[in-house]
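Q: This is the structure I want to talk about, given as structure tokens.
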Amino acid sequence: MALTETVPAAAPPAHEGILRRQSLRESAARTYARSLPIVPVRARGLTIEGADGRRYLDCLSGAGTLALGHNHPVVLEAIRTVLDSGAPLHVLDLATPVKDAFTTELFATLPGKLAETARIQFCGPAGTDAVEAAFKLVRTATGRDGLMAFSGAYHGMTAEALAASGGAQHTSVVRLPYPYDYRCPFQTGGERGAELAARWTQSLLDDPKSGVPRPAGMILEPVQGEGGVIPAPDGWLRRMREITADRQIPLIVDEVQTGVGRTGAFWAVDHSGIVPDVIVLSKAIGGSLPLAVIVYREELDAWQPGAHAGTFRGNQLAMAAGAATLAYVRTNGLDRRAGELGRRMVDRLTALAAAHDCIGDVRGRGLMLGVELVDRSADADAMGARPADPQLAAAVQHACLERGLIVELGGRHSAVVRLLPPLTITDEQAEAILDRLADAIAAAVRTTPGPTGSSPTTMRGTSP
Ligand code: PMP
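The numbering used here puts the sequence shown at residues 12 to 475.
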């Protein structure tokens, strides 16, 4: 499929009719469909084609699911092989050769110390169900109840996963500061900010009058995704590992979004070398089909048969597609490729930030990239950060779509433009993505007044 988009004179009626019926029939809680009014009918790699005949570069990738992009040949082949074999597609949690092969491939990629004795629980097919399973597991194993989680976290939409997320309204989960350089609550940032965050955690656990009983577990994302693409420093992750290990608190690492090469290492924990007690996995491990598991140290395996059941834990097509994806990323070194390409994309985005004072921060790890848009007319705080500008971010997302580029928004105020392209993209495709984004930002700046009524054309020189 060519990179260049085709723009037909008028959208065909099928496209408009489908969108109209969607808005009439689907729930008010629908999400992506609101800001991305497209009707995908074909897709390959980075490119999606809509029912209106337009082509888009897809940097949403099914919310970070499509490590190999859409319809990769090895994924299609794996699915066809299962279909043609006559194997049952639905088997609850029974043993099958497909599941056996998936587990073997997954264990081959795990941090060595965990792989030696790991146990796996196949969960209901969403990341959020695996998060629930992780909480149940550590509660049973420790006999304790409370949980520790981080500001800005996202772990899912079911009750307990939501309670551990930054958007929780009612929760008994203890919230800890996550090291967020650009908006450091300690106004220092860098290693010092991360160390202060770690000390706060430590003091809550050690102060007998902190009001925080020893929890059943701590859950964290190595890079906060929905929270605004915030990579945790490796040193801070090692501190969290040390603090939890010293106090016999199981550390649950949520790699639902960061796993399978996305951040430039096969698992994001590989950067710091920490070995979690539990890893939560979903998204890319199913090779674009629904699959979610937890993998954990065998000492924690104290729960009863049926403690975390569910009908749809045996999706054979997802296991085959997932095993093929894991093997392809591993044998082709796509994790390293994501790291190299991601660094180059960050460099180019940083140059773009030098030209646009509406870009407050550029950050990321591997091919998990974020551009935080800020109110260019507002005063900066002592750390140089300015208030988020969600209105401008929405305008950038819209301008991207007009230019044939699909991006997601995230972050505390939905003001972070997020790029999650497939790990298979070429250098040329990466350039095309950044060209379109740069053009969209310039266009949005021209047409969007700042939240405090600033001049719409405040720019630092010209964009690269
Ligand atoms: N954890 C993380 C880190 C995620 O990014 C997400 C989804 N964005 C989830 C958990 C929940 O996964 P799901 O939407 O499949 O329930």
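Every residue, glycine too, gets a C-beta built ideally from N, C-alpha and C.
Let me know the beta strand (DSSP E) ranges lying completely inside the stretch 364-394, each 3 residues or longer, listed in chain order.
A: 370-376, 379-384
Q: Please state the DSSP three-state secondary structure of V357.
A: Looking at V357 - three-state DSSP - the assignment turns out to be helix.
Q: One question on the structure: do L100 and Q327 come within less than 7 Å of each other, judged by their Cβ atoms?
A: yes
Q: Does DSSP put H81 in a helix, in a strand, or in coil?
A: Correct three-state label for H81: strand.
Q: Who are the Cβ neighbours of A208 in its own chain at under 6 Å, not counting the five residues just before and after it?
A: P188, P190
Q: Within 10 Å of its beta-carbon, does E202 have 16 or more other beta-carbons around it, so buried, or fewer, so exposed?
A: exposed
Q: Which first and last residues belong to the alpha helix (DSSP H) in which E127 is found?
A: 123-128
Q: Thinking just about the alpha-carbon of each residue, which of R387, A365, D386, L360 is nearest to the one in R374?
A: L360
Q: Flag Q132 as yes when its Cβ comes closer than 6 Å to any non-hydrogen atom of ligand 1, and as no otherwise.
A: no
Q: So, at 6 Å on beta carbons, what are the nonlocal neighbours of A338 in its own chain, with the 5 sequence-adjacent residues on each side left out?
A: E116
Q: With a CB to CB cut of under 6 Å and the five nearest residues on each side skipped, what residues in its chain are close to T151?
A: For T151, where only same-chain residues beyond five positions count, the Cβ hits under 6 Å are A313, W314.
Q: Who are the near neighbours of S176 in its chain, counting only those whose CB is closer than 6 Å to its CB and skipping five residues on each side?
A: A164, Y165, H166
Q: Here's the rule: buried if 16 or more other CB atoms are within 10 angstroms of the residue's CB, otherwise exposed. What is K2?
A: Any property of residue 2 remains undetermined from this structure, which presents the chain solely from 12 to 475.
Q: In angstroms, rounded to a whole number, what distance separates the CA positions of I305 and P398?
A: 38 Å
Q: Quick one: Cα of A205 to Cα of S162, how far?
A: Distance between the alpha carbons of A205 and S162 is about 13 Å.
Q: Is any heavy atom of ligand 1 found at a distance shorter than 6 Å from the C-beta of V184?
A: In this structure, the C-beta of V184 stays at least 6 Å away from each heavy atom of ligand 1.
Q: Among all the DSSP beta bridges, which residues are the ones paired with E495?
A: Because residue 495 is not part of the residues shown, which for the chain are 12 to 475, the question remains open.
Q: Among residues of its own chain, excluding the 5 on either side of G421, which ones have a beta-carbon nearer than 6 Å to its beta-carbon?
A: E237, G239, V427, R429
Q: Would you identify the three-state DSSP class for E237, choosing helix, strand or coil?
A: coil
Q: Would T342 be called buried (16 or more neighbouring beta carbons within 10 Å of its own) or exposed?
A: exposed
Q: What do you reckon, are the CB atoms on G272 and V340 nearer than 7 Å?
A: yes
Q: Which one of T169, V52, I290 has the shortest CA to CA distance from T120?
A: I290
Q: Alpha carbon to alpha carbon, what distance is there between E232 and E266?
A: 6 Å
Q: In terms of residue numbering, what span does the alpha helix (DSSP H) encompassing G284 cover?
A: Careful: G284 lies outside any alpha helix (DSSP H) and carries neither H nor E.
Q: For my contact list, L403 and L384 are in at a C-beta cut-off of 8 Å; report their separation, rounded to the angstrom.
A: 5 Å
Q: Per DSSP, F118 forms a beta bridge with which residues?
A: DSSP lists no partner for F118.
Q: Whose CA, out of G64, L105, I452, A279, lies closest to the CA of A365?
A: I452
Q: For V52, which residues in the same chain have their Cβ closer than 8 Å to its Cβ, ignoring the five residues on either side in sequence?
A: E60, G61, A62
Q: For G123 and R249, what's the separation of their Cα atoms in angstroms?
A: 17 Å
Q: By the three-class DSSP mapping on this structure, what secondary structure does R32 have?
A: helix
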